[in-house]
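Chains as they are written, first to last, in numbering that gives the first Met the number 0: chain A, 0 to 107; chain B, 0 to 248. Beta carbons are placed, not taken as given, at the ideal position from N, Cα and C, and that holds for glycine. Since the model is a prediction, treat every value here as computed from it, not as a measurement.
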Amino acid sequence: MSAAGLPWIALLLGIVATYFWRGLGVALARRMKAEGALIDWVGCVAYALLAGLIARMIILPVGPIADIPLTQRGIAVACGIAAYFISRKNILVGVLTGTAMVALLVTL
Amino acid sequence: MPDAPPEFPAAYSSVRAAAFGGMRDAIAAPSLVLGASYVGFGSLIRESGLGLGWGMASTFGAWALPGQIVALEMVMVGGSLAALFLAVAATNFRLLPMTVSLVPHLRAPGRPAWVYYLAAHLIAVTGWAMGMLRCPSLPPEQRLPYFAAASGTLWIASLAGTALGFLAAGSVPHVVSLALLFLNPLYFLLVFLGDLRQRWRPIALAIGFAMGPLMHLAEPSWGLVITGLVGGTAAFLLDRSLTALRGGR
Chain A
0 MSAAGLPWIA
10 LLLGIVATYF
20 WRGLGVALAR
30 RMKAEGALID
40 WVGCVAYALL
50 AGLIARMIIL
60 PVGPIADIPL
70 TQRGIAVACG
80 IAAYFISRKN
90 ILVGVLTGTA
100 MVALLVTL
Chain B
0 MPDAPPEFPA
10 AYSSVRAAAF
20 GGMRDAIAAP
30 SLVLGASYVG
40 FGSLIRESGL
50 GLGWGMASTF
60 GAWALPGQIV
70 ALEMVMVGGS
80 LAALFLAVAA
90 TNFRLLPMTV
100 SLVPHLRAPG
110 RPAWVYYLAA
120 HLIAVTGWAM
130 GMLRCPSLPP
140 EQRLPYFAAA
150 SGTLWIASLA
160 GTALGFLAAG
170 SVPHVVSLAL
180 LFLNPLYFLL
190 VFLGDLRQRW
200 RPIALAIGFA
210 MGPLMHLAEP
220 SWGLVITGLV
230 GGTAAFLLDR
240 SLTALRGGR
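This is the structure in structure tokens:
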């Protein structure tokens with residue numbers, strides 16, 4: 000396959016692999032009510048999966064974040080969470096503190 | 000700025016007001032943070048030697064950052080297209096339970112089905128969390144406009160961030176793009192820590208957080224799917240048995 004066309008085919012496959020779940024979700028949701036045990040279970044699955052993804056992104060990241068040592072990532076997250084609660088749940092303060100911590104620790 | 004106003008309007012005065020409300024809720028912190036995460040993605044695209052068009056098309060068409068990063072990585076290492084498809088599908092599996100749990104809260108009578116298939120493209124973590132928080136208490140006809148406007152605003156911010164990151168890549172130190180990519184998981188974490196009203200949420204989050212990395216080590220490609228299904232089911236059953244123990248419901 001041509002080297003020039005390959006990234007675009009890869010992109011298209013990535014888009015299909017992404018929308019597939021959204022489209023399937025709408026199809027499955029058609030028969031579902033907003034209240035009930037089934038929807039509660041699906042919510043639990045979504046939350047557990049997202050928590051797992053977040054933990055994986057922080058603890059075992061793929062891509063360039065892996066270059067940041069684990070202890071530095073941990074310190075930055077802890078600072079971000081602390082700043083979030085100290086600022087009475089201000090997300091911007093929490094995120095900026097954690098991000099600034101990462102930049103600082105990596106630079107030092 | 001607080002992540003969510005302490006008192007939500009139970010209803011907007013009109014469908015249009017609901018859409019403006021969604022836009023307003025998305026514009027400050029959420030757009031800024033998500034846009035900044037995409038600045039990290041945009042600069043990553045530049046470093047990878049791919050074009051701005053590729054990065055913009057990825058954010059426009061996929062709009063699910065973890066999967067976009069996986070796809071980019073696979074293109075860079077030259078993995079097979081089948082492996083790329085499976086890796087992105089496994090990474091984005093979360094969109095299925097997210098969509099199934101949100102769509103019933105967006106429905107209104109008399110709206111054609113294709114509208115939901117279109118709106119589903121806007122389901123991603125930030126907008127989903129906003130929709131799950133606000134839509135159940137809004138009148139049915141205001142729910143989809145609220146969600147679509149909020150998430151659509153975030154989508155535009157993501158596209159702007161991708162372009163900005165690509166164009167500024169040379170002038171931004173590597174450490175800054177690193178920090179910006181790190182912003183995304185931290186932001187998601189804080190969003191979820193901020194909305195733990197129902198008991199099953201902290202249970203599901205704690206189990207998922209513990210299981211995610213372990214399952215990823217055991218089974219890198221499907222670890223997250225296993226985490227969601229097994230961890231989510233465990234959280235569901237635990238919540239049910241706690242309710243039964245207290246003689247509730």
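What does the alpha-carbon distance come out to for the pair residue i and residue j?
i        : j        : result
B:Val32  : B:Ala217 : 32 Å
A:Ala50  : B:Ala167 : 32 Å
B:Pro5   : B:Thr58  : Note that B:Pro5 has pLDDT 47, beneath the 50 cutoff, so the model's placement of it is unreliable and the number below is only indicative. Rounded to the nearest angstrom, the two C-alpha atoms are 32 Å apart.
A:Val15  : B:Pro212 : 26 Å
A:Ala47  : B:Arg93  : 9 Å
B:Thr226 : B:Ala209 : 9 Å
B:Leu9   : B:Ser176 : First, the amino acid is wrong: residue 9 of chain B is Ala here, not Leu. So the two alpha carbons sit approximately 40 Å from each other.
B:Phe19  : A:Gln71  : 40 Å
B:Ala119 : B:Thr98  : 7 Å
B:Pro1   : B:Ser79  : Residue confidence is low: B:Pro1 scores 45 on pLDDT, short of 50, so the model does not pin down where it sits. Its coordinate-derived value is still stated next. Taking the straight line from one Cα to the other gives about 45 Å.
A:Val94  : B:Leu189 : 8 Å
B:Gly21  : B:Ala148 : 5 Å
B:Leu236 : B:Thr242 : 10 Å
A:Lys88  : B:Gly193 : 7 Å
B:Pro201 : B:Phe191 : 9 Å
B:Gln141 : B:Gly130 : 11 Å
A:Ala81  : B:Trp113 : 44 Å
A:Ser1   : B:Ser47  : Because A:Ser1 sits at a pLDDT of 47, beneath the cut-off of 50, its placement in the model cannot be relied upon, and the following sentence gives the value as read from the coordinates. Approximately 18 Å, taken between the alpha carbons.
A:Phe19  : A:Leu107 : 43 Å
B:Val51  : A:Gly35  : This sequence places Leu at residue 51 of chain B; Val is not what is there. One C-alpha to the other measures close to 45 Å.
B:Ala3   : A:Thr17  : Low per-residue confidence applies at B:Ala3: pLDDT is 49, beneath 50, and the placement is therefore not dependable enough to give any value.
B:Arg15  : B:Pro144 : 8 Å
B:Ala25  : B:Ser150 : 7 Å
B:Leu121 : A:Ile85  : 32 Å
B:Ala61  : B:Asp238 : 34 Å
A:Val101 : A:Ile58  : 14 Å
B:Ala316 : B:Gly126 : The question about residue 316 of chain B has no answer here: the residues shown for chain B are numbered 0 through 248.
A:Ala28  : B:Cys134 : 16 Å
B:Leu163 : B:Leu49  : 15 Å
B:Leu105 : B:Gly169 : 42 Å
A:Gly79  : B:Ser136 : 30 Å
B:Arg248 : B:Ala203 : Model confidence at B:Arg248 stands at a pLDDT of 49, short of 50, so the residue's coordinates are unreliable and nothing is read from them.
B:Leu71  : B:Ala128 : 26 Å
B:Leu244 : B:Leu195 : 21 Å
B:Leu23  : B:Ala63  : In the sequence as displayed, the identity of residue 23 of chain B is Arg instead of Leu. Straight-line Cα distance between these residues: approximately 22 Å.
Since I believe residue j is in contact with residue i (beta carbons under 8 Å), could you give me their beta-carbon distance rounded to a whole number of angstroms?
i        : j        : result
B:Ile206 : B:Ala178 : Actually they do not touch by this definition, with Cβ atoms about 29 Å apart.
A:Ile38  : B:Ser36  : A:Ile38 to B:Ser36, Cβ: 29 Å. No contact.
B:Gly56  : A:Leu5   : Here residue 56 of chain B is Ala; the residue named in the question, Gly, does not match the sequence. That belief does not hold up - the Cβ atoms of B:Ala56 and A:Leu5 are roughly 14 Å apart, past 8 Å.
B:Phe187 : B:Val124 : 6 Å
B:Leu182 : A:Thr96  : Actually they are not in contact, since the Cβ atoms of B:Leu182 and A:Thr96 sit about 11 Å apart, beyond 8 Å.
B:Pro184 : A:Ile53  : 5 Å
A:Trp40  : B:Thr90  : Incorrect: roughly 22 Å between the Cβ atoms, too far for contact.
For a quick check, are the C-beta atoms of residue i and residue j less than 9 Å apart?
i        : j        : result
A:Lys32  : B:Pro96  : no
B:Ala82  : B:Met75  : no
B:Leu153 : B:Ser42  : no
B:Thr161 : B:Ile68  : no
A:Cys43  : B:Trp221 : no
A:Leu104 : A:Ala75  : yes
B:Gly66  : B:Val87  : yes
B:Gly34  : B:Ala156 : yes
A:Arg21  : B:Leu223 : no
B:Phe84  : A:Gly13  : yes
A:Val25  : B:Tyr11  : no
B:Ala27  : A:Leu91  : yes
B:Pro138 : B:Pro108 : no
B:Phe40  : B:Leu180 : yes
Please determine whether the Cβ atom of residue i lies at a distance below 8 Å from any heavy atom of the ligand NAP.
i        : result
B:Ala233 : The model depicted lacks the ligand NAP and carries no ligand whatsoever.
Chain-ordered residues of the segment 2-22 of chain A with a beta carbon less than 9 Å from chain B: Leu5, Pro6, Trp7, Ile8, Ala9, Leu10, Leu11, Leu12, Gly13, Ile14, Val15, Ala16, Thr17, Tyr18, Phe19, Trp20, Arg21 and Gly22
Interfacial residues, the segment 136-161 of chain B to chain A, with Cβ spacing under 9 Å: none
Near-chain A residues of the segment 43-64 of chain B - C-beta to any C-beta below 8 Å: Leu43, Leu49, Trp53, Ala56, Ser57, Gly60, Ala61, Trp62 and Ala63
Contacting positions in the segment 209-228 of chain B - beta carbon closer than 8 Å to chain A: Ala209, Met210, Gly211, Pro212, Met214, His215, Leu216, Gly222, Leu223, Val224, Thr226, Gly227 and Leu228
Residues from the segment 89-102 of chain B in contact with chain A, defined by Cβ distance under 7 Å: Asn91, Phe92, Arg93, Leu94, Leu95, Pro96, Met97, Thr98, Val99, Ser100 and Val102
Residues in the segment 167-201 of chain B having any Cβ partner in chain A nearer than 8 Å: Val174, Val175, Ser176, Leu177, Ala178, Leu179, Leu180, Phe181, Leu182, Asn183, Pro184, Leu185, Tyr186, Phe187, Leu188, Leu189, Val190, Phe191, Leu192, Gly193, Trp199 and Arg200
Contact set between the segment 68-83 of chain A and chain B, restricted to residues whose Cβ is under 9 Å from the partner: Arg72, Ala75, Val76, Gly79, Ile80 and Tyr83
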